[in-house]
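Residue 98 in this note's numbering is what sits at position 63 of the sequence shown, and the numbering runs on without skipping anything. Yeah, the Cβ is synthetic: ideal placement off N, Cα and C, and Gly gets one too.
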Amino acid sequence: MKIRTITRNDISAVMKMINEAKVNMKNMGIDQWQDGSPSIETLEKYVKHENGFINEDLTAFGALVEKDPDYKEYLSGNYVVLHTFVVDQSLRGKGVSDEFFDEILKIAIEKKYEIFGVDTHRDNKAMLAFIKRHDFTNLGDVFIDGIKPRIAFYKKL
Numbered sequence: 036m037k038i039r040t041i042t043r044n045d046i047s048a049v050m051k052m053i054n055e056a057k058v059n060m061k062n063m064g065i066d067q068w069q070d071g072s073p074s075i076e077t078l079e080k081y082v083k084h085e086n087g088f089i090n091e092d093l094t095a096f097g098a099l100v101e102k103d104p105d106y107k108e109y110l111s112g113n114y115v116v117l118h119t120f121v122v123d124q125s126l127r128g129k130g131v132s133d134e135f136f137d138e139i140l141k142i143a144i145e146k147k148y149e150i151f152g153v154d155t156h157r158d159n160k161a162m163l164a165f166i167k168r169h170d171f172t173n174l175g176d177v178f179i180d181g182i183k184p185r186i187a188f189y190k191k192l
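Structure, rendered in structure tokens:
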């Protein structure tokens, strides 16, 4: 799988994936992404900062946020956090998330990050299983935007 930096032309494809994931999570009773975020504005920031990545088929997306302030009390050194990780809902369970993750992890390593973080809602069982599969260490709860508790994980690169 090849991935590249997101452009403005990709925003509608990514928003389609995000909106489908929001519906899916809502149907499963998961409160994650039910407050309007991530939004088009979020994706525009990723375009501006060139830290959002998409695969060539436009079916997987994730952003690498350097020195995420929500993690400053928990991580130190040169770290990056994966945000807005989403895969086309029709491809769930087909290995796309694992392939995409391998590629985004390569980018983090190439950029010389030492620690890779990720967080999710405690009810997001699919993401928790994904995190476990990829040998992350539990960091505990972080509060996104200071108010939304998430379970955070990290791995040394």
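For the alpha helix (DSSP H) containing residue i, name the first residue and the last one.
{"i": "L110", "result": "Looking at the DSSP string, L110 is not in any alpha helix (DSSP H), and its letter there is neither H nor E."}
{"i": "D154", "result": "Not the alpha helix (DSSP H): D154 falls in the beta strand (DSSP E), residues I150 to T155."}
{"i": "L99", "result": "Here L99 belongs to no alpha helix (DSSP H); instead the beta strand (DSSP E) covers A95 to E101."}
{"i": "D137", "result": "V131 to E145"}
To which residues does DSSP link residue i through a beta bridge?
{"i": "T172", "result": "Y189"}
{"i": "L117", "result": "L99 and V153"}
{"i": "R39", "result": "I89"}
{"i": "G73", "result": "Looking at the sequence itself, residue 73 is Pro, so the reference to Gly does not match. Bridge partners of P73: none, in fact."}
{"i": "V58", "result": "Looking at the DSSP assignment, V58 forms no beta bridge with any residue, so it has no partner."}
By Cβ distance, which residues of its chain are closer than 6 Å to residue i, with the 5 residues on each side in sequence left out?
{"i": "I53", "result": "P73 and V121"}
{"i": "E138", "result": "M36 and I38"}
{"i": "L162", "result": "With the sequence shown as reference, residue 162 is identified as Met, and Leu is not the correct amino acid for it. Counting only Cβ-Cβ distances below 6 Å, and skipping sequence neighbours, we find T155."}
In the DSSP assignment, find the unbroken beta strand (DSSP E) run with residue i in it and report its ends.
{"i": "N90", "result": "G87 to N90"}
Tell me the rounded alpha-carbon separation between residue i and residue j.
{"i": "D66", "j": "L117", "result": "19 Å"}
{"i": "I186", "j": "N159", "result": "10 Å"}
{"i": "T172", "j": "M60", "result": "24 Å"}
{"i": "S132", "j": "A95", "result": "7 Å"}
Taking all protein chains shown into account, do 16 or more other C-beta atoms lie within 10 angstroms of the C-beta of residue i, making it buried, or fewer, making it exposed?
{"i": "I144", "result": "exposed"}
{"i": "V58", "result": "exposed"}
{"i": "F136", "result": "buried"}
Can you list, in chain order, the residues of its chain whose CB lies under 7 Å from that of residue i, leaving out five sequence neighbours each side?
{"i": "I75", "result": "I46 and M50"}
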